[in-house]
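Asker: Count the sequence shown with full-length UniProt numbering and you get residues 1 to 131, in order.
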Amino acid sequence: MRKLKYQRDFFPLLHLNYGSNWRCGMDRIAYFKSLLEKNPDNPMVHYSLGLEYFKVKDYENAIKHLERYLELQEDEGAAYRTLAKCYEELGEFQKAIEVLEEGIRQAMKYNHPSMAQEYQQWIEELKGMAF
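#1: Between the Cα of I104 and those of L51, Q117, Q94 and Y47, spot the shortest distance and give me the residue it belongs to.
#2: Please give the ranges of any alpha helix (DSSP H) in the stretch 64-97, keeping only runs that are unbroken, at least 4 residues long and fully inside the region.
#3: Please classify D41 as buried or exposed, where buried requires at least 16 other C-beta atoms within 10 Å of its C-beta.
#4: Tell me which same chain residues have a C-beta within less than 6 Å of the C-beta of S114, skipping the five on either side of it?
#5: Among A96, A107, Q106 and M108, which residue has its Cα nearest to the Cα of E125?
#6: Sort V45, K127, Y31 and L66 by Cα distance to L83 and report the nearest one.
#7: Tell me whether the beta-carbon of H112 lies closer than 8 Å to the beta-carbon of L72.
#8: How is R53 classed by DSSP in three states: helix, strand or coil?
#9: According to DSSP, is L14 part of a helix, a strand, or is it coil?
Below you can see the structure in the form of structure tokens.
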């Protein structure tokens, strides 16, 4: 049995365990906020908070935490999907397009061509809405 490295392995498992089993979204938010108080630069806590805020349609806070996550840690592309959706929900279509363009770069860097294609199609849809 391998030991979990604290930073890299523990928090994703923590998010999956606590985040998916708790009933109330606000309980999860309070929990992750308490973790953030202990370690304000933990990227996985910011990512988890971003997802939880997204689930309760608090897009401004979701954006804040997802952007902080992306400042702290390179992402393979998936975080850009949620971030772009937040901007789309707020009617900020141009910003959503910019986020998706960065998501395409990251997806290609990490050899996720289907993700890049999905984002490109989404950009085309958003361009019709933005203008």
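Positions of the beta carbon are idealized from the N, C-alpha and C atoms, including for glycine. The model shown is predicted, which means the values in this text are computed figures rather than measured ones.
Answerer: Looking at the coordinates:
#1: Locating residue 104 in the sequence shown gives position 104, where the first residue counts as 1. Of L51, Q117, Q94 and Y47, the residue nearest in Cα terms is Q117.
#2: Within the stretch 64-97, the complete alpha helix (DSSP H) runs of at least 4 residues are 78-89.
#3: Here the question's residue 41 lines up with position 41 in the sequence shown. Under this definition D41 is an exposed residue.
#4: Within the sequence shown, the letter at position 114 stands for residue 114. The beta carbon of S114 is closer than 6 Å to none in its chain, skipping five residues each way along the sequence.
#5: If you number the sequence shown from 1, residue 125 lands on position 125. Closest in alpha carbon position to E125, among A96, A107, Q106 and M108, is A96.
#6: The sequence position of residue 83 within the sequence shown is 83, counting from 1. Distances from the alpha-carbon of L83 to those of V45, K127, Y31 and L66 put L66 closest.
#7: In the sequence shown, the residue the question calls residue 112 occupies position 112. In the sequence shown, the residue the question calls residue 72 occupies position 72. Result no, Cβ atoms of H112 and L72 do not sit closer than 8 Å.
#8: Numbered from 1 along the sequence shown, position 53 holds the residue referred to as residue 53. First, the residue type needs correcting, since residue 53 is Tyr and not Arg in the sequence shown. DSSP, reduced to helix, strand and coil, places Y53 within a helical segment of the structure shown.
#9: As a first step, residue 14 must be located in the sequence shown, where it is residue number 14. At L14 the pLDDT is 46, less than 50, meaning the model places this residue with poor confidence; the figure from the coordinates comes in the next sentence. For L14, the three-state secondary structure derived from DSSP is helix.
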